[in-house]
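Using UniProt numbering, read the sequence shown as starting at 1 and increasing by one per residue.
Below is one structure, written out as structure tokens, with a few remarks after it.
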Amino acid sequence: METAAEHKIQLLYLPSHTSHITQPLDVACFFPPKAAFHEASRSFASFEIRAPQQKQLFIKTYQTARTLVLTEDNIWAGFRATGIFSFSRRRALRPVFEAQQAPATDLTPTTPQRPSWPRFEVK
């Protein structure tokens, strides 16, 4: 903390259980490659003879994507999107309010119905 104070860096403590909406790098930089990783990993999860080559290709692809995403512009965008800099309560709390205003889904159980089959008459 002394080093931060010496360099005029302000430390910010985030409320517990809010990191998914208040951590700027998670919001703007790490989520896109993470989503791409999960999508692409489906094709790499195999036990074929080519699996090691596929995994190496994936690692190279992921490294390239990560380099493209971790830019100064994206990092600043994360701080803006989370409302941390410049400070905005409205932007910081937007995900909470949106979740509260989400329309309720109908969870009423339905009774399964017997399928109707076409009737054929023999003449």
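Glycine included, C-beta positions come from ideal geometry on N, C-alpha and C.
A quick note: this is a predicted structure, and the numbers were derived from the prediction, not measured.
From this set, the options, which residue's C-alpha is nearest residue i's C-alpha?
i, options, result
"Trp76", "Leu57, Cys29, Glu98, Gln101", "Cys29"
"His70", "Pro15, Gln10, Leu25", "Note on identity: in this sequence residue 70 is Leu, with His being the wrong assignment. Residue Leu25 is the option with its Cα nearest to Leu70."
"Thr82", "Pro95, Pro52, His7", "Pro95"
"Gly78", "Val27, Lys8, Ser88", "Val27"
Using a Cβ-Cβ cut-off of 8 Å (strictly less than) and excluding sequence neighbours within five positions of residue i, which residues of its own chain qualify?
i, result
"Ser86", "Arg80"
"Ile84", "Leu12, Thr22, Pro24, Ala92"
"Gln10", "Ala4"
Apart from the five residues on each side of it in sequence, which residues of its chain come closer than 6 Å, Cβ to Cβ, to residue i?
i, result
"His17", "none"
"Arg66", "Pro33"
Using a Cβ-Cβ cutoff of less than 7 Å, which residues in the same chain neighbour residue i once the five nearest sequence positions on both sides are dropped?
i, result
"Tyr62", "Pro33, Phe37"
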